[in-house]
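First the structure, in the form of structure tokens, and then the observations on it.
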Amino acid sequence: MFDVNVRGTFLTSQAVLPYLQLSAEQGRNPHILTLSPPLSMKAKWFKNHVAYTMAKYGMSMCVLGMSEEFRRQGIAVNALWPRTAIDTAALAMIPGIDTATCRTPEILADSAYIILNRSSADCTGNFFVDDEVLASEGVTDLEKYSVVPGTKDFLMDFFLD
289 MFDVNVRGTF LTSQAVLPYL QLSAEQGRNP HILTLSPPLS MKAKWFKNHV
339 AYTMAKYGMS MCVLGMSEEF RRQGIAVNAL WPRTAIDTAA LAMIPGIDTA
389 TCRTPEILAD SAYIILNRSS ADCTGNFFVD DEVLASEGVT DLEKYSVVPG
439 TKDFLMDFFL D
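Numbering of the sequence shown is given in our numbering, commencing with residue 289 and proceeding in unit increments.
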């Protein structure tokens with residue numbers, strides 16, 4: 289978990305930094321966007337899944353640190369997290385999850401598109417939540433993101449209060 293989530297986020301960001309710097313110099317709006325949650329030290333997020341929480345929070349700590357480190361270079365570093373569970377292959381590995389109570393990955397794709405089109409000079413160091421990003425652009429009808437149309441009671445994701 290740590291190799292993929294924390295180490296992967298850190299090392300990949302370092303590996304692409306020269307390209308992002310060049311992109312900034314050329315005025316191209318460079319961004320790093322992780323799928324990691326807002327940081328919260330509430331014990332309930334650590335109970336029963338300490339390793340997973342530490343791995344995801346490690347990614348969020350990269351966002352916190354790198355957003356300040358790269359700010360002067362015009363490189364944005366932000367995080368995006370879903371409010372509800374997302375119907376993915378990873379979720380399918382967890383027994384007892386009813387995917388009818390999930391949203392589709394497209395909600396994250398559309399939210400990421402909005403974030404990545406914001407100015408990298410001004411939009412950095414944020415921990416975005418998918419539905420809030422969409423609402424900021426006037427998108428409040430999220431029905432098209434439901435795995436099962438008409439669903440009202442969604443399975444909430446971890447790490448959001």
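Note that the Cβ used here is the ideal one computed from N, Cα and C, for glycine as well.
For this session: In the DSSP assignment, find the alpha helix (DSSP H) that holds valine 304 and state where it starts and stops.
Result: Here the alpha helix (DSSP H) through valine 304 covers 296-313.
Problem set entry | Extent of the continuous alpha helix (DSSP H) run through aspartate 358 | The question names aspartate, but residue 358 is phenylalanine in the sequence shown. Run containing phenylalanine 358: 338-359, per the alpha helix (DSSP H) assignment.
Problem set entry | Nearest candidate by alpha-carbon position, reference lysine 344, set Gly296, Ser434 and Ala409 | Its Cα nearest to that of lysine 344, the residue Gly296 stands out among Gly296, Ser434 and Ala409.
Exercise. Quick one: what's got a C-beta closer than 7 Å to glutamate 450's C-beta in the same chain, skipping five residues either side?
Worked result: Residue 450 lies beyond the range of the chain shown here (289 to 449); nothing can be said about it.
Problem set entry | DSSP three-state assignment for asparagine 366, whether helix, strand or coil | Residue state for asparagine 366 is assigned as strand, using DSSP reduced to three classes.
Problem set entry | Cβ-based burial, proline 325 [other Cβ within 10 Å; buried from 16] | Under this definition proline 325 is a buried residue.
Problem set entry | Helix, strand or coil at leucine 323 [DSSP, three-state] | The answer is strand: DSSP assigns leucine 323 an E or B state.
For this session: Name the two residues that bound the continuous alpha helix (DSSP H) containing valine 421.
Result: Taken as a continuous stretch (DSSP letters only), the alpha helix (DSSP H) holding valine 421 covers 418-424.
Problem set entry | Cβ neighbours of threonine 439 in the same chain (closer than 7 Å, five flanking residues each side left out) | By the criterion of a C-beta distance shorter than 7 Å, threonine 439 is surrounded in its chain by Ala388 and Thr389, once the five residues flanking it on both sides are discounted.
For this session: Determine the direct distance from the alpha carbon of leucine 305 to that of leucine 299, and round the result to whole angstroms.
Result: Those two C-alpha atoms are separated by around 10 Å.
Exercise. Can you find a CB in chain C that lies within less than 8 Å of the CB of glutamine 361?
Worked result: Of the chains in the structure shown, none is chain C; there is only one protein chain.
Problem set entry | Nonlocal neighbours in the same chain, by C-beta distance under 7 Å from leucine 321, ignoring five residues either side | Leaving aside the five residues that flank leucine 321 on each side, the residues in its chain whose CB is nearer than 7 Å to its CB run, in chain order, Asn366, Leu368, Ala400, Ile403 and Leu404.
For this session: Have a look at leucine 310 and phenylalanine 358 and give me their C-alpha separation to the nearest angstrom.
Result: Our two residues, leucine 310 and phenylalanine 358, have alpha carbons roughly 13 Å apart in a direct line.
Exercise. Alpha carbon to alpha carbon, how far is glycine 362 from glycine 384?
Worked result: The straight-line gap from Cα to Cα measures roughly 44 Å.
Exercise. What is the rounded straight-line gap between the Cα of methionine 342 and the Cα of valine 427?
Worked result: So the alpha carbons of these two residues sit roughly 32 Å apart.
Exercise. Is isoleucine 385 helix, strand or coil when you go by DSSP?
Worked result: DSSP places isoleucine 385 in coil when its eight states are reduced to three.
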